[in-house]
Amino acid sequence: MEDFITLIRDNTQWLYTRLFESRFLYLDLWSFVHLWSGMVIFSLFLAFGVRKKWLWLFILLLSYEIVEQGIVILGYHVFYLEKIVDVVNDLITGFIGATIIHFMFRSKWLRKIRFPVLLFPIFLAATTISYIWVGNYKYVYITTILNSEGVCWWAFIWWILGGLGVIAGYIRLLDIVKGKLRSSLTVWVLYIMGLIIFEYIGFSLLQIREVGHVATPLFLNIIHGTYTMHVFYLIAPFLFILLFELFSVLFIKASQQQK
43 MEDFITLIRD NTQWLYTRLF ESRFLYLDLW SFVHLWSGMV IFSLFLAFGV RKKWLWLFIL
103 LLSYEIVEQG IVILGYHVFY LEKIVDVVND LITGFIGATI IHFMFRSKWL RKIRFPVLLF
163 PIFLAATTIS YIWVGNYKYV YITTILNSEG VCWWAFIWWI LGGLGVIAGY IRLLDIVKGK
223 LRSSLTVWVL YIMGLIIFEY IGFSLLQIRE VGHVATPLFL NIIHGTYTMH VFYLIAPFLF
283 ILLFELFSVL FIKASQQQK
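Residue numbers (this note's numbering): 43 to 301.
Here it is in structure tokens:
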């Protein structure tokens, strides 16, 4: 049990990076997780027709806060209670995420342009995978200005753009190659080609290099990184596509429940 708690602690420590703090407002990288949680949980409530959505959302978010505090106590062997403002901000952030979903599905204009069932799932899938990967990999570049505490925003933005490109390409190819598997494999090939060009420009021409880990080339002295990075590079398109498909099913079902 202690090893499990330690594992959670070590892999979530970056999320405690503080972004802003004042008397009535506290934001850290966990805030984005709470925002995401509010959106996804409320979407699940809509999709499955759960009654008293806001009450259940409050119960789940509060339960999460209790579990998080338990992990802090067990993982760090200290009794440290978050400030009330931290807990309140976490709950409010979760409710903001839910409110975004609530109004998104009620907006006739957004539904007309298929934002809830197409554009939003694309964006959410791209940002989710990118956030988890970049935060856990802990990028450190030789160019100091590109680095930032907690999560490397430079790498995060580029991974989001890459994810958006992969998913958009996948959707476009569905009508051309006929079939999700063929579309996924075609996008993967195009992604690898683009990755080679992207790395050549960044690594060789602009000398933008990640120095936080011992890097080796994947093949032919290109696509430099650790073994973990190489594995992620190779499976990233499929992760983006898979999460997009899951979000699509969820948001389409939630949208149908609003009719």
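Just so you know, even glycine gets a beta-carbon here, dropped at the ideal spot from N, CA and C.
In this text the structure is predicted, and so the values were computed from the model without any measurement.
Beta carbon of residue i nearer than 8 Å to that of residue j
i	j	result
Ile199	Phe286	no
Leu303	Leu61	Any question about residue 303 goes unanswered here, given that the chain covers just 43 to 301.
Phe293	Phe145	no
Ile171	Leu281	yes
Gly177	Val193	yes
Gly211	Ala168	no
Phe147	Gln300	yes
Trp201	Trp175	yes
Ile164	Met81	no
Tyr183	Val253	yes
Ala296	Leu88	yes
Leu67	Asn131	yes
Leu260	His272	yes
Thr59	Glu191	yes
6 Å Cβ shell around residue i - same chain, five flanking residues per side excluded
i	result
Leu133	Leu103
His119	Because His119 carries a pLDDT of 49, less than 50, the predicted location of this residue cannot be relied on, and the following value inherits that uncertainty. Within the same chain, His119 has no close Cβ partners at all.
Thr268	His255
Phe157	none
Gly112	none
Ser79	Gly136
Leu77	Thr135, Gly139
Ile155	none
Proximity winner among the options, relative to residue i (alpha-carbon distances)
i	options	result
Ile213	Ser290, Gln55, Ser105, Ile126	Ser290
Tyr242	Ser225, Trp230, Ala257, Ile264	Ile264
Ser64	Ala197, Asp128, Met81, Phe240	Asp128
Gly244	Ile218, Leu188, Lys295, Ser226	Leu188
Tyr173	Ala296, Glu252, Ile218, Trp196	Trp196
Ile239	Lys220, His266, Thr258	His266
Leu203	Leu166, Ile218, Tyr181, Ile50	Leu166
Ser73	Ile50, Glu107, Phe84	Glu107
Thr141	Ile50, Glu110, Lys154, Ile83	Ile83
Val302	Asp217, Ile218, Ile50	Residue 302 falls outside the range modelled here, since the chain spans only 43 to 301, and no answer is possible.
Cut-off 7 Å between Cβ atoms - residues of its own chain near residue i, not counting five sequence neighbours on either side
i	result
Thr185	Ile250
Phe90	none
Leu20	The structure shown does not extend to residue 20, since the chain spans only 43 to 301, so no value can be given for it.
Val92	Trp98
Own chain residues within Cβ distance below 8 Å of residue i, not counting five before or after
i	result
Leu247	none
Ser226	Tyr212, Pro279, Phe280, Ile283
Ile126	none
Thr270	Tyr179
Contact test: residue i Cβ vs the ligand HEM heavy atom, cutoff 7 Å
i	result
Glu241	The ligand HEM is not among the ligands present in this structure, which contains no ligands whatsoever.
Hey, is the stretch 132 to 150 in contact with the stretch 93 to 102, meaning 3+ C-beta pairs nearer than 8 Å? yes
Runs of 3 residues minimum, wholly inside the stretch 138 to 170: which ones carry the beta strand (DSSP E) assignment? none
What beta strand (DSSP E) runs, 3 residues minimum, are completely inside the stretch 222 to 247? none
Jot down the residue ranges of each uninterrupted beta strand (DSSP E) in the stretch 71 to 103, minimum 3 residues, whole runs only, in chain order. none
Evaluate the contact criterion for the stretch 223 to 234 versus the stretch 270 to 287: three or more CB pairs, one atom per stretch, below 8 Å. yes
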